[in-house]
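Using the UniProt record's numbering, the first residue of the sequence shown is number 1, and each one after it goes up by one.
Don't be surprised by glycine CBs; every beta carbon is placed ideally from N, CA and C.
This report refers to the structure that appears directly beneath it.
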Amino acid sequence: MSINPPLSPGDKLSTGAESPGSLAEAAEEVHTAYTLADSKPPLDEEVLKVENLTVGFPTDDGLVQAVRGVSYTLRAREVLGIVGESGSGKSVSSMAVMGLLPRNARINGRILYRDRDMLTMRPNEQRALRGEKIAMIFQDPMTSLNPVHTVGDQLAEAVLAHHLVPRRAALTKAREMLDLVGIPQADKRLKAYPHEFSGGMRQRVMIAMAIINDPDVIIADEPTTALDVTVQAQILEKLLEVKDAVNAAILMITHDLGVIAGMAHRTLVMYAGKPVEIGGTDSVFYQPRMPYTAGLLGSIPSLEGEGEDRLRPITGTPPSLVHLPSGCPFSPRCPLATEVCRETEPDLVTVGEDHRAACHHSDRLAEAEDPTAFFRPDAVRAEDEGDEAEGTPGTDGVSRTDEKSEEGR
Numbered sequence: 001m002s003i004n005p006p007l008s009p010g011d012k013l014s015t016g017a018e019s020p021g022s023l024a025e026a027a028e029e030v031h032t033a034y035t036l037a038d039s040k041p042p043l044d045e046e047v048l049k050v051e052n053l054t055v056g057f058p059t060d061d062g063l064v065q066a067v068r069g070v071s072y073t074l075r076a077r078e079v080l081g082i083v084g085e086s087g088s089g090k091s092v093s094s095m096a097v098m099g100l101l102p103r104n105a106r107i108n109g110r111i112l113y114r115d116r117d118m119l120t121m122r123p124n125e126q127r128a129l130r131g132e133k134i135a136m137i138f139q140d141p142m143t144s145l146n147p148v149h150t151v152g153d154q155l156a157e158a159v160l161a162h163h164l165v166p167r168r169a170a171l172t173k174a175r176e177m178l179d180l181v182g183i184p185q186a187d188k189r190l191k192a193y194p195h196e197f198s199g200g201m202r203q204r205v206m207i208a209m210a211i212i213n214d215p216d217v218i219i220a221d222e223p224t225t226a227l228d229v230t231v232q233a234q235i236l237e238k239l240l241e242v243k244d245a246v247n248a249a250i251l252m253i254t255h256d257l258g259v260i261a262g263m264a265h266r267t268l269v270m271y272a273g274k275p276v277e278i279g280g281t282d283s284v285f286y287q288p289r290m291p292y293t294a295g296l297l298g299s300i301p302s303l304e305g306e307g308e309d310r311l312r313p314i315t316g317t318p319p320s321l322v323h324l325p326s327g328c329p330f331s332p333r334c335p336l337a338t339e340v341c342r343e344t345e346p347d348l349v350t351v352g353e354d355h356r357a358a359c360h361h362s363d364r365l366a367e368a369e370d371p372t373a374f375f376r377p378d379a380v381r382a383e384d385e386g387d388e389a390e391g392t393p394g395t396d397g398v399s400r401t402d403e404k405s406e407e408g409r
């Protein structure tokens with residue numbers, strides 16, 4: 001799957017009329033790319049490491065704290081899922097990794113690609129990595145593809161932007177990628193325009209564009225948005241297939257817990273711009289240690305429940321990222337919130353093997369038989385420490401005061 005090597009000095013690049021300066025710049029970028037990443041990383045090596053990433057956007061109302069202290073590692077060939085509500089900061093954090101944030105963004109922290117900080121790289125070094133070793137699949141393939149250029153031209157452009165190869169070789173690579181992602185009659189489809197493809201096929205083209213340069217990391221930002229359920233399943237299955245074909249790691253960003261459950265080795269849950277839980281996907285899903293995670297899991301509609309118990313929504317709305325509440329940002333919506341939650345924002349602490357959560361009451365979730373039951377309509381909300389002792393949901397999620405009432409009847 002490796003791309004053709006750069007041309008020798010006597011070869012020519014058939015991409016149109018370029019000035020000597022642009023060719024020199026392109027050559028420098030290619031050299032940088034090959035110097036930084038000339039081979040696939042060993043299994044389990046950290047290919048991407050984000051440390052204490054913060055992103056803010058100044059507005060007339062104040063600084064929008066879109067991302068607050070995000071840290072994670074992505075190992076070679078791993079799938080890391082980032083999940084959260086709209087506005088939680090998951091997409092902004094990925095755009096920071098790609099270097100695609102607007103100029104007014106205030107970025108702090110470190111983004112390490114194979115131990116090199118991308119935030120301190122020169123612009124040409126960043127361009128050499130973007131689309132070459134770190135690729136992205138965007139949400140809407142219709143708006144991401146150029147409607148006035150053929151699919152073949154756009155795929156070939158992704159190759160020519162990073163490699164000094166003949167245009168014919170780039171088109172050959174494009175045809176191979178269309179075959180790989182399951183688009184029939186690849187030779188014919190290379191000459192087609194985006195509007196001639198269905199939504200699912202356009203998303204396959206986006207996957208082909210992401211993997212065409214044999215990347216180490218693929219960032220998939222809501223890759224199945226607006227697709228039918230059956231098409232979603234096909235796209236996700238194809239994404240896993242091509243991941244194995246090019247030996248890439250995937251950073252999967254979504255609000256769909258089903259997607260995360262079916263794909264991710266580890267899961268990072270974000271709320272109000274901050275990570276609130278991270279761990280192995282099975283551990284996070286079956287043993288959540290942060291009420292927000294439990295609430296997300298409980299909000300999945302159930303065919304087995306009855307009445308209001310079939311759907312347990314999280315009441316309230318996410319906080320303003322300009323005027324965050326004191327303490328835990330989830331406390332206004334949390335059924336376990338006490339005074340300490342409203343005063344002090346918890347840090348991520350270890351709650352299990354490779355499992356961390358940011359909650360003052362993670363031990364109560366650990367004791368609960370069904371952590372999602374705290375969000376049942378009849379669950380008692382503890383307003384303070386005193387109320388907690390009198391009317392706390394028990395390990396089965398039922399209020400102890402309710403149990404006493406039952407005993408007295």
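Lys274 carries a strand assignment under DSSP once its states are collapsed to helix, strand and coil. In the DSSP annotation of this structure, the continuous segment of the alpha helix (DSSP H) that includes Glu237 starts and ends at 229-246. Distances from the alpha-carbon of Ala186 to those of Val217, Thr150, Ala158 put Thr150 closest. Ala357 is classed as buried because its beta carbon has at least 16 other beta carbons within 10 Å across all chains shown. With fewer than 16 other CB atoms across the displayed protein chains lying within 10 angstroms of its CB, Thr120 is exposed.
Under the DSSP assignment, Ala128 falls outside any beta strand (DSSP E), being part of the alpha helix (DSSP H) whose first and last residues are 123-129. In the three-state DSSP reduction, Glu304 falls in the coil class, being neither helix nor strand. About 6 Å separates the CB atoms of Tyr72 and Leu268; that is less than 8 Å, so the two are in contact. Annotation for Gln154: the continuous alpha helix (DSSP H) segment containing it runs 151-160.
Contact between Gln154 and Met98 does not hold, since their C-beta atoms are separated by about 18 Å, which reaches or exceeds 8 Å.
Within 10 angstroms of the beta-carbon of Ala294 lie 16 or more other beta-carbons, which makes it buried. By alpha-carbon distance to Asp117, the top candidate from Thr230, Ser283, Val50, Gly152 is Val50. In this structure, DSSP gives Ser299 a state outside helix and strand, which the three-state scheme calls coil. Inter-residue distance for Ala226 and Arg167 is about 34 Å (C-alpha atoms, whole angstroms).
According to the DSSP secondary-structure assignment, Leu53 is paired through a beta bridge with Val70.
Of Pro371, Leu324, Val259, Glu339, the smallest CA-CA separation from Arg312 is found for Pro371. Beta bridge pairing from DSSP links Val349 with Ala357.
In its chain, beyond the 5 residues on either side, Val242, Val246 have a beta carbon closer than 6 Å to the beta carbon of Ile211. Sixteen is the threshold: since fewer than 16 other Cβ atoms of the shown chains lie within 10 Å of the Cβ of Ile300, the residue is exposed.
When the alpha-carbon of His361 is set against those of Ala135, Val181, Pro377, Val276, the nearest one is in Val276.
The residue from Ser86, Cys334, Gly131, Ala261 with its alpha-carbon nearest to that of Ser283 is Ala261. In this structure, the beta-carbon distance from Asp228 to Ser94 does not fall below 7 Å. For Ala96, the uninterrupted alpha helix (DSSP H) segment begins and ends at 90-98. In the DSSP assignment, Tyr286 falls within the unbroken alpha helix (DSSP H) covering 281-286. Between Gln234 and Gly200 a beta carbon distance of about 7 Å is seen, short of the 8 Å cut, so the two are scored as contacting. Residues of the same chain with a CB within less than 8 Å of the CB of Leu63, apart from the 5 flanking positions on each side, are Gly56, Phe57, Arg106, Val322 in chain order. A Cβ-Cβ distance of about 6 Å is found for the pair Ile253 and Ser91, placing them in contact under the 8 Å criterion. Within 10 angstroms of the beta-carbon of Asp216 lie 16 or more other beta-carbons, which makes it buried.
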